[in-house]
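Number of protein chains: 2
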Amino acid sequence: MLERGRTLATPVLRAAVERLAPPMDTVAAYHFGWIDAEGRPAHGDSGKAVRPALALLSAEAAGRAPEVGIPGAVAVELVHNFSLLHDDLMDGDEQRRHRDTVWKVYGPEQAILVGDALFALANEILLELGTVEAGRATRRLTTATRKLIDGQAQDISYEHRERVTVEECLEMEGNKTGALLACAVSIGAVLGGADDRTADILEAYGYHLGLAFQAVDDLLGIWGDPEATGKQTWSDLRQRKKSLPVVAALAAGGEASERLAEILAADAKLSDAQLADFDEEEFASRAALIEEAGGREWTSQEARRQHATAIEALDRVDMPAEVRAQLVALADFVVVRKR
Amino acid sequence: MLERGRTLATPVLRAAVERLAPPMDTVAAYHFGWIDAEGRPAHGDSGKAVRPALALLSAEAAGRAPEVGIPGAVAVELVHNFSLLHDDLMDGDEQRRHRDTVWKVYGPEQAILVGDALFALANEILLELGTVEAGRATRRLTTATRKLIDGQAQDISYEHRERVTVEECLEMEGNKTGALLACAVSIGAVLGGADDRTADILEAYGYHLGLAFQAVDDLLGIWGDPEATGKQTWSDLRQRKKSLPVVAALAAGGEASERLAEILAADAKLSDAQLADFDEEEFASRAALIEEAGGREWTSQEARRQHATAIEALDRVDMPAEVRAQLVALADFVVVRKR
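As given, the protein sequences belong to chains U and V, one line each in that order.
The first sequence begins at 3 in this note's numbering and counts up by one.
The second sequence begins at 3 in this note's numbering and counts up by one.
Right, here's the structure in full:
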């Protein structure tokens, strides 16, 4: 199912990226893993392709051919990658998908420019369809993009705050991850002529799927295997991310929770450079405290709760049984994945 | 006319910006000059407002009330300011409209994020109208935005190249300035139901107006009065901009042209920091060579040529005489302005 999304969407995505003026076409091709930093063809990891898969299933959920969802799949993937390019720069992330990030290879200017270009291209791909449905799809995509940006703004501001509530964290993650997955799973249906009620229910599935996805991401951000995730060990702790395991551990109370709060308060007084100088054990002991305070277990349960809520939404809309089964399978994949 | 654009569009623009999640709403309000860096209400310079004025005249050119153009005026202004936020960061510009730029006050992250948010908001403002015309207007705005980004990519790459032809420079400036002015002057008409032919002719006026505007900007970027422009003295020379006066001087041949080429080739070997250490006289002597080689005069003539081409386009579309007179007056203003 993920493979189908990739196979159908990638040629259209590549053709879209080729419209960019040089050197942005090259920079984007590197980001997507199609070429290496020397410009040679590559078959790099271009991501899990969950969003394109959802967009094609979305068209099928509305009783249409999966191909109807292709422009939606491409547009959502372009917006997703626009946000990765900008977020990696803002967060100072040097690695993505086991390779140096764009700002690291081509400089911050290209990361900004190519991100902007992918965002514009996403709207262009949809609007050049010239249909009423395309206008509706673009409106939903725009709303999702605004939420994505709101979520990144919240994420950044939370890194500098001592306390973030679990509710604030969930709101941020809903914006940052839920909104675009919601759009992915409604956009194919909207392009296929589905009404707003159907699109809204599909979005509810996608939103909760996104929260499940993000809860798992937060677990991988602390306890993930760097070989599998392509990120540094303890990457979220290195970046002071107030992710779900952290905020849940801080909210839990008790000895480990209080000890964690003291350590993070002391960390807050350190510069990023000082934090970067910590050795592995320092981060390992923080992770152990988060786990002891129950942050790891709570986040696992939260992933399962969001997974269940996502599945429940599917019962409120008529769709072919095969499509429903695939949406369930995709939700199952999201909570068990290791990368 | 400029005042009317500002008066009608600003309340809608402010309401749009208030939708942004904190702290982006504050950062955007600072950028537009509505508050100062301490958050106190201000009445800063929020730009010349040429684009909103054009969008309202555009609606009138199609025989509609100026108010029909307001969402277009706001959307174009949002895209323009998205590009300013990102360009100032990429170019390292520390001052705009006599105040510190956003990246300087709030940091690069906020400049990236708020730029992204304004871009998304522009599409949102148009698409929530929910009409077929809004879809067409958004498509034109998206095309213009892509050109704007292409132009910035060209501008950046030209700074690192020894030779740029006059044609390349005009293409870059057409993308960077012409495309969005073209969109401003068609968007109100499109929202008012004008056909594509009318919109295309209005865009031709706007495109050449943009090239005239940019030629004047290039003159001001070298010989402008810092008090009036709000920029540093010789600001384009400090940034190695291959602007029209420079490329025209290099293309002219002759003694001053060759001497200039030698100096710029030597400059190219210096770091940005070394160039920043130059004193005023160093830049003044470069400016004098550009003028001696004819780059200043050629650019002045080019502004007049583009102005004439813009006015000619207006003859190909039926519009109220009063609207035509205002479009002519606006073109006249663009070429004589000092800031």
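Just so it is clear, CB atoms sit at the ideal spot from N, CA and C, and this is done for glycine as well.
For residue i, name the three-state secondary structure that DSSP assigns.
i: Thr-102(V); result: Going by the sequence as given, residue 102(V) is Asp instead of Thr. Strand at Asp-102(V).
i: Pro-13(U); result: helix
i: Pro-25(U); result: coil
i: Gln-112(U); result: helix
i: Gln-234(V); result: coil
i: Gln-241(V); result: coil
Answer with buried or exposed for residue i, where buried requires no fewer than 16 other C-beta atoms within 10 angstroms of its C-beta.
i: Arg-165(V); result: exposed
i: Val-116(V); result: buried
i: Lys-243(V); result: buried
i: Val-134(V); result: exposed
i: His-82(U); result: buried
i: Glu-257(U); result: exposed
i: Val-338(V); result: exposed
i: Ala-333(V); result: buried
i: Ala-250(V); result: buried
i: Leu-272(U); result: exposed
i: Gln-216(U); result: buried
i: Ala-270(U); result: exposed
i: His-162(V); result: exposed
i: Gln-328(U); result: buried
i: Thr-200(V); result: buried
i: Pro-247(V); result: buried
i: Thr-144(U); result: buried
i: Gly-153(V); result: buried
i: Glu-403(V); result: Only positions 3 to 341 of chain V appear in the structure, and residue 403(V) is not among them; the question remains open.
i: Gln-112(U); result: buried
i: Glu-175(V); result: buried
i: Lys-340(U); result: exposed
Since residue i meets chain U, which of its residues come closer than 9 Å, beta carbon to beta carbon?
i: Leu-115(V); result: His-88, Met-92, Ile-151, Gln-154, Ala-155, Ile-158
i: Pro-25(V); result: Ala-155, Ser-159
When you compare the CB of residue i with every CB in chain V, is at least one pair closer than 9 Å?
i: Leu-22(U); result: yes
i: Phe-84(U); result: yes
i: Gly-132(U); result: yes
i: Phe-121(U); result: yes
i: Leu-129(U); result: yes
i: Gln-220(U); result: Gln is not the amino acid found at residue 220(U); the sequence shown has Asp there. Closer than 9 Å: no.
i: Gly-212(U); result: no
i: Gly-195(U); result: no
i: Glu-111(U); result: yes
i: Arg-148(U); result: yes
i: Ala-184(U); result: no
Under a CB-based cut-off of 9 Å, is residue i close to chain U?
i: Asp-102(V); result: no
i: Ala-181(V); result: no
i: Ala-31(V); result: no
i: Gly-176(V); result: no
i: Asp-118(V); result: yes
i: Gly-41(V); result: no
i: Ala-201(V); result: no
i: Ala-136(V); result: yes
Which residues in chain U sit within 8 Å of residue i, going by Cβ to Cβ distance?
i: Thr-145(V); result: Glu-126
i: Thr-235(V); result: None at all; the shortest Cβ gap to chain U is about 24 Å.
i: Gly-74(V); result: Correct list: empty, because the minimum Cβ distance to chain U is about 15 Å.
Going along chain V, which residues have a C-beta under 9 Å from residue i?
i: Thr-167(U); result: Near Thr-167(U) there are no residues of chain V at all, since even the closest Cβ is about 16 Å away, more than 9 Å.
Going along chain U in order, which residues have a C-beta closer than 7 Å to the C-beta of residue i?
i: Gly-296(V); result: Simply none; closest approach about 30 Å.
Along chain V, which residues have their Cβ under 7 Å away from the Cβ of residue i?
i: Arg-141(U); result: Leu-129, Glu-130
Please confirm if residue i has its CB atom under 9 Å from at least one CB of chain B.
i: Ala-253(V); result: You won't find chain B in this structure, because its protein chains are U and V.
- Complete runs of the alpha helix (DSSP H) confined to the region 291 to 331 of chain U [at least 4 residues]: Counting only runs that start and end inside the region 291 to 331 of chain U, the alpha helix (DSSP H) elements of at least 4 residues fall at 297 to 316.
- Task: Enumerate, from N- to C-terminal direction, the unbroken beta strand (DSSP E) stretches of 3 or more residues contained entirely within the region 195 to 236 of chain U.
- Result: Qualifying beta strand (DSSP E) stretches: none in this window.
- Query: What residue ranges within the region 121 to 164 of chain V form continuous alpha helix (DSSP H) runs of no fewer than 4 residues, ordered along the chain?
  - Reply: Entirely contained in the region 121 to 164 of chain V, the alpha helix (DSSP H) runs reaching 4 residues are, in chain order, 134 to 161.
- Message: Please give me, in chain order, every unbroken run of the alpha helix (DSSP H) with length at least 4 that falls completely inside the region 24 to 58 of chain V.
- Response: Restricted to the region 24 to 58 of chain V, the alpha helix (DSSP H) segments that are unbroken, complete and at least 4 residues in length are 26 to 33, listed in chain order.
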